[in-house]
Amino acid sequence: MRIGAHMSIAGGVSKAVDRAVVHGCEALQIFTKNASQWRGKPLDPAEIRLFRQRIEQTGIAPAVSHASYLINLATTFPVLREQSIVAFVDELDRAEALGLLGVVIHPGTCTAGADEDALRLIADAIRVVYKARPRYKTMVLLEHTAGQGRTLGYRFEHLATIIRHLRGSKRVGVCLDTCHLVASGYDITSDAGYRDTFEQFDRIVGIDRLKAFHGNDSKRPCGSRVDRHEHIGQGCLGLEPFRRLLHDTRFAGLPLLIETEKTHGAERKGAIVADPLDVKNLEALRRLRSA
């Protein structure tokens, strides 16, 4: 697996690559704009060129983006649905311009009715996005969720249903989060639980759909359905699940991207500095991989 992290684009999107280099990352995740806004200002063409150039120079790959948390493709409210689709097209435009593998997105939150109806709404929204951008290479990466409230995507069956409604489109993949797996009830902390979890995933979704991992420990226990990331080895997962992942040949070449808490104040005004907490978490994963 290729170990990396979510990095800030403060100072320009290309600065995320510089930060990844400082941390010794092999893969990268970014927001292409402020994740708390519907739309951001257009990416600077010079920054796009520099980002692509730096990616090629450093060999950092794959690189993905994470979509805005405001987007809800499962909503039944017409205005919010239209906003979400427009915002998601914008996310894909940005990612395609940067040459990213995919855009990671939380499938959505059910606002009314049955889960099955909401899953169809998600697929319908993605289909609209695909129609708007039929030639794009950047994939939609559905993120498996912890299952808080009425959020969807916390069961493998949810992901499989969305993909089925999209007629098995090759433009859609999956991103699994280790914290979310445990929080949603998939116990990967034991050998048997790990084997069973990925046997289920392969049977229900298909291992070939798996394109990325978020590597996070969990503050809350298995089945809590609460999404609280913890530093590697310091939560309810411990180190062993990460060791298994890093030595699992099925996932060779896939990115394992940490989204753990940053050091407060470590990055000021876009400075390119190593974050002590990121360094610690990344080193923990590297030690497990080399063991």
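Residue numbers for the sequence shown follow our numbering, beginning at 737 and rising by one. Just so you know, even glycine gets a beta-carbon here, dropped at the ideal spot from N, CA and C.
Hey, quick one: how far does the beta strand (DSSP E) through Ala-741 stretch, first residue to last? 738-742
Based on the DSSP secondary-structure assignment, which residues constitute the bridge partners of His-950? Asp-913 and Leu-993
Could you check the C-alpha separation between Gly-904 and Gly-1001 for me, to the nearest Å? 44 Å
CB-CB length for Val-876 against Val-908, believed under 8 Å: 5 Å
Taking the alpha-carbon positions, what's the Lys-979 to Ala-1020 distance? Per the sequence presented here, residue 979 reads as Arg, with Lys not at that position. Approximately 10 Å between the Cα atoms of the pair.
Assign Gly-929 to one of three DSSP states: helix, strand, or coil. DSSP places Gly-929 in helix when its eight states are reduced to three.
Runs of beta strand (DSSP E) lying entirely within the stretch 770-808, each at least 3 residues, in chain order: Entirely contained in the stretch 770-808, the beta strand (DSSP E) runs reaching 3 residues are, in chain order, 799-802.
Using C-beta distances below 6 Å, list every residue in its chain close to Ala-831, excluding the 5 sequence neighbours before and after it, in chain order. Ser-801, Val-839 and Thr-874
Would you kindly work out how many angstroms separate the C-alpha atoms of Asp-1014 and Ala-752, rounded to a whole number? 14 Å
Do Ala-803 and Glu-783 have their C-beta atoms closer together than 9 Å? no
Closest to Lys-998 by C-alpha separation, out of Met-743, Gly-748 and Lys-777, would be which residue? Met-743
For my contact list, Ala-799 and Leu-837 are in at a C-beta cut-off of 8 Å; report their separation, rounded to the angstrom. Rounded, the Cβ-Cβ distance is 7 Å, consistent with contact.
Leaving aside the five residues before and after Arg-788 along the sequence, list all residues of the same chain whose C-beta is less than 6 Å from its C-beta, in chain order. Hits under 6 Å: Gly-835.
Proximal residues to Ser-960 (C-beta, below 6 Å), its chain only, five neighbours per side dropped: Ala-919
Residue from Lys-777, Cys-761 and Glu-762 with nearest C-alpha to Thr-768: Lys-777
At which residues does the beta strand (DSSP E) containing Leu-764 begin and terminate? 763-766
Helix, strand or coil for Val-1041? Go by DSSP, reduced to three states. The question about residue 1041 has no answer here: the residues shown for the chain are numbered 737 through 1027.
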